[in-house]
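The opening position of the sequence shown corresponds to residue 581 in our numbering, with each subsequent residue numbered one higher.
Where is the CB? At the ideal position from N, CA and C, for every residue including glycine.
Since the structure is predicted, the reported quantities are computational estimates derived from the model, not experimental observations.
Quick notes on the structure that follows.
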Amino acid sequence: MESAEVDDLTHVLAPRLRMLSAIARTEHITHAAAALNMPQPTLSRALARLQEDLGIALIERTGRGIRLTRAGRTLLPHVERSLEDLRQGVAELTGAEEGRVALTFLPTLGVEVVPVLLRGFRAEHPGVRFTLTQEPWAQSLRRLSSGGADLALTSPLPSGQGLVSQVLHTQYLRLVVPEEHPLAGRGTVSLAAARDDFILLKPGRGVRHLTDRLGDRAGFTPTVAFEADDINTARGLVAAGLGVSVLPARPRGPLSGTVELVIGDGESERPVGVVWPREGSGGGYEPPAVASFREYVCRVGPEVLPNLTG
581 MESAEVDDLT
591 HVLAPRLRML
601 SAIARTEHIT
611 HAAAALNMPQ
621 PTLSRALARL
631 QEDLGIALIE
641 RTGRGIRLTR
651 AGRTLLPHVE
661 RSLEDLRQGV
671 AELTGAEEGR
681 VALTFLPTLG
691 VEVVPVLLRG
701 FRAEHPGVRF
711 TLTQEPWAQS
721 LRRLSSGGAD
731 LALTSPLPSG
741 QGLVSQVLHT
751 QYLRLVVPEE
761 HPLAGRGTVS
771 LAAARDDFIL
781 LKPGRGVRHL
791 TDRLGDRAGF
801 TPTVAFEADD
811 INTARGLVAA
821 GLGVSVLPAR
831 PRGPLSGTVE
841 LVIGDGESER
851 PVGVVWPREG
861 SGGGYEPPAV
871 ASFREYVCRV
881 GPEVLPNLTG
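Quick look at the structure:
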């Protein structure tokens, strides 16, 4: 939306504030009425009504002109800030070049993926601001469903819950074992073949949700030795020989000291993608800046994520 159109909408919303601002600029009732594009008697009546409502004199006559009283001058800076704030709000409602996007994302995506996406988008839309929240999968979806975020970069992707998602990249879960482990030479294994203690992510993490689902399908309940906060910690503990884990395949190859084995217990995919409310976070309204960023992520994400996730 053009700047002039934004100004027009702001003027519709705040006529009485503009009256006071026009008086301060022109110090003349006729000139102020002309600036406001209204008849002089209408402006005079509106100002009188405003002062009556407030119970305070805001303007005073000076010969042939008028000026703000001390009370009017005290109020003026607040009026000007209110008009500018209102204009900014209208711009955010109607334009993709201004506004704020509330984004929630997985901790593992905060190292490289999110910075790359934000840097690329802001190069095209420098006026858009972001509110960022880094949190596990379950918390991220709760925030999105409650209207606390506009978009989520997460995995796995939800079904139902009034949310819509698009897959950006698909990873595969692997049974990660120490390189000296008896199973290390196998190509494909069942989870039940690992008799060791498991190092899993904490409940509420997306990978833990997928691991539990794999175990249920295989009829296997692992013995949990430790619950890690993040994927990198779990991977490092496996390398130290403290157990085995179910983790996404590492794009740059297995971490030194570990071997990644294909899981033969059914679907072991981990889709990573963007999620948003089915009707937007505001009862059917999606700010243009949010729509623009979502479209950017859907376009660029499939190129970015394969090299940066995991």
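Within a Cβ cutoff of 7 Å, which residues of the same chain sit near residue i, ignoring the five residues on either side of it in sequence?
{"i": "L623", "result": "M599, I609, A612, A613, L616"}
{"i": "L755", "result": "V769, L771, A774, V824, V826, L841, I843"}
{"i": "L648", "result": "I603, A604, L638, I639, L656"}
For residue i, tell me which candidate among the options has the shortest Cα-Cα distance.
{"i": "E876", "options": "G645, V694, T803, L835", "result": "Here residue 876 turns out to be Tyr, not Glu, going by the sequence shown. When each option's Cα is compared against that of Y876, the closest is V694."}
{"i": "S725", "options": "E859, P783, S662", "result": "E859"}
{"i": "P783", "options": "T649, D809, Q631", "result": "D809"}
{"i": "L781", "options": "R775, G816, A772", "result": "G816"}
{"i": "T734", "options": "L655, G690, P867, L835", "result": "G690"}
{"i": "A764", "options": "P868, V818, Q719, P736", "result": "V818"}
{"i": "G767", "options": "V839, I779, L712, G740", "result": "V839"}
{"i": "T801", "options": "H705, A820, F778, E807", "result": "F778"}
{"i": "G837", "options": "T654, E660, A814", "result": "A814"}
Who are the Cβ neighbours of residue i in its own chain at under 6 Å, not counting the five residues just before and after it?
{"i": "S861", "result": "Caution applies to S861, whose pLDDT of 48 falls short of 50 and renders its modelled position unreliable; the model cannot decide the point."}
{"i": "R723", "result": "T684, A729"}
{"i": "V787", "result": "L781"}
{"i": "L686", "result": "T734"}
By the DSSP assignment, the alpha helix (DSSP H) with residue i in it spans what residues?
{"i": "F701", "result": "693-704"}
{"i": "R641", "result": "Premise fails: R641 lies in the beta strand (DSSP E), 639-642, not in any alpha helix (DSSP H)."}
{"i": "L636", "result": "A quick correction: the sequence has Ile, not Leu, at residue 636. Careful: I636 lies outside any alpha helix (DSSP H) and carries neither H nor E."}
{"i": "V787", "result": "786-798"}
{"i": "S848", "result": "Careful: S848 lies outside any alpha helix (DSSP H) and carries neither H nor E."}
{"i": "R815", "result": "811-819"}
{"i": "R723", "result": "717-725"}
{"i": "L616", "result": "609-616"}
How far does the beta strand (DSSP E) with residue i in it extend, from its first residue to its last?
{"i": "S537", "result": "Since the first residue of the chain shown is 581 and the last is 890, residue 537 is not available in this structure."}
{"i": "G679", "result": "679-685"}
{"i": "T564", "result": "What the structure shows of the chain is the stretch from 581 to 890, and residue 564 is not part of that stretch, so it cannot be assessed."}
{"i": "V804", "result": "804-808"}
{"i": "V824", "result": "Careful: V824 lies outside any beta strand (DSSP E) and carries neither H nor E."}
{"i": "A732", "result": "731-734"}
{"i": "R647", "result": "645-648"}
Excluding sequence positions up to five away, which residues of its chain have a Cβ less than 8 Å from the Cβ of residue i?
{"i": "S849", "result": "The amino acid occupying residue 849 in the given sequence is Glu; Ser does not appear at that position. These residues qualify, in order along the chain: T750, Q751, Y752, L753."}
{"i": "P619", "result": "A613"}
{"i": "R596", "result": "A626, L630"}
{"i": "P762", "result": "none"}
So residue i and residue j are supposed to be a Cβ contact under 8 Å. How far apart are they, rounded?
{"i": "V884", "j": "L697", "result": "6 Å"}
{"i": "L638", "j": "A651", "result": "6 Å"}
Closer than 6 Å to a non-hydrogen atom of the ligand SAM - does that hold for the CB of residue i?
{"i": "P802", "result": "Because no ligand of any kind appears in the structure shown, any question about the ligand SAM cannot be addressed here."}
Can you find at least 3 beta carbon pairs, one from the region 787-794 and one from the region 826-845, that sit closer than 8 Å? Using a C-beta cut-off of 8 Å, the region 787-794 makes contact with the region 826-845, since at least three inter-stretch Cβ pairs fall below that distance.
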